[in-house]
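Notes for the one structure printed next.
In the working numbering, the protein residues as written are 311 to 427.
Right, here's the structure in full:
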């Protein structure tokens with residue numbers, strides 16, 4: 311969990327890293343991560359989304375990606391966008407993986423607001 315906190319933001323947050331390494335939170339986070347990875351991210355096979363993207367092409371979508379995301383690298387968003395060009399791809403230039411980063415948070419809120427009507 312310390313690794314995740316250390317890599318999820320463009321600039322490391324010592325308070326977040328400490329929180330992720332503490333007792334119950336660290337145990338809970340590690341269990342969730344382990345469950346996710348043991349189950350291959352709940353995709354069968356690993357590229358299930360790309361293989362079946364035709365099923366969602368008619369659904370409006372927005373892909374928000376931090377430029378410096380080392381948890382889910384930029385290539386993942388790029389490959390999805392190439393397979394689903396109908397979706398809007400937003401690359402946040404000054405962000406990593408965390409939705410707590412200001413640029414990611416703003417892009418997610420803006421994308422969500424588009425679907426209110």
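Cβ coordinates follow ideal geometry from the N, Cα and C atoms, glycine included.
Rounded to the nearest angstrom, how far is the Cβ of residue i from that of residue j, given a contact under 8 Å?
i: residue 421; j: residue 363; result: Not confirmed; about 18 Å, so no contact.
i: residue 335; j: residue 312; result: The Cβ separation is near 11 Å, so there is no contact.
i: residue 414; j: residue 394; result: Contact flag wrong, Cβ pair sits at about 20 Å.
Run through the DSSP bridge pairs and tell me what residue i is partnered with.
i: residue 333; result: Residue 333 is not bridged to any residue.
i: residue 371; result: Looking at the DSSP assignment, residue 371 forms no beta bridge with any residue, so it has no partner.
i: residue 399; result: 373
Just to confirm my understanding: we take residue i, look at its own chain, exclude 5 residues before and 5 after, and list those with CB closer than 7 Å. What are they?
i: residue 417; result: 374, 400 and 402
i: residue 409; result: 415 and 418
i: residue 322; result: 316
i: residue 318; result: 381, 406, 407 and 408
i: residue 387; result: 373, 375 and 399
Which residue's Cα is closest to the Cα of residue i: the options?
i: residue 427; options: 370, 339 and 360; result: 370
i: residue 397; options: 382, 405 and 425; result: 425
i: residue 343; options: 383, 423 and 315; result: 315
i: residue 320; options: 388, 359 and 383; result: 383
i: residue 357; options: 332, 390 and 337; result: 390
i: residue 372; options: 361, 392, 339 and 354; result: 392
Spatial neighbours of residue i within its chain, please: CB distance less than 6 Å, with the 5 preceding and 5 following residues excluded, ordered by chain position.
i: residue 405; result: 320, 376, 411, 413 and 414
i: residue 326; result: 315
i: residue 385; result: none
i: residue 360; result: 393
Strictly under 7 Å for the Cβ-Cβ distance: is residue i near chain D by that measure?
i: residue 314; result: This model lacks chain D altogether; it includes just one protein chain.
- Check whether the segment 365–378 touches the segment 338–351, counting contact only when three or more Cβ pairs, one atom from each stretch, lie closer than 8 Å. no
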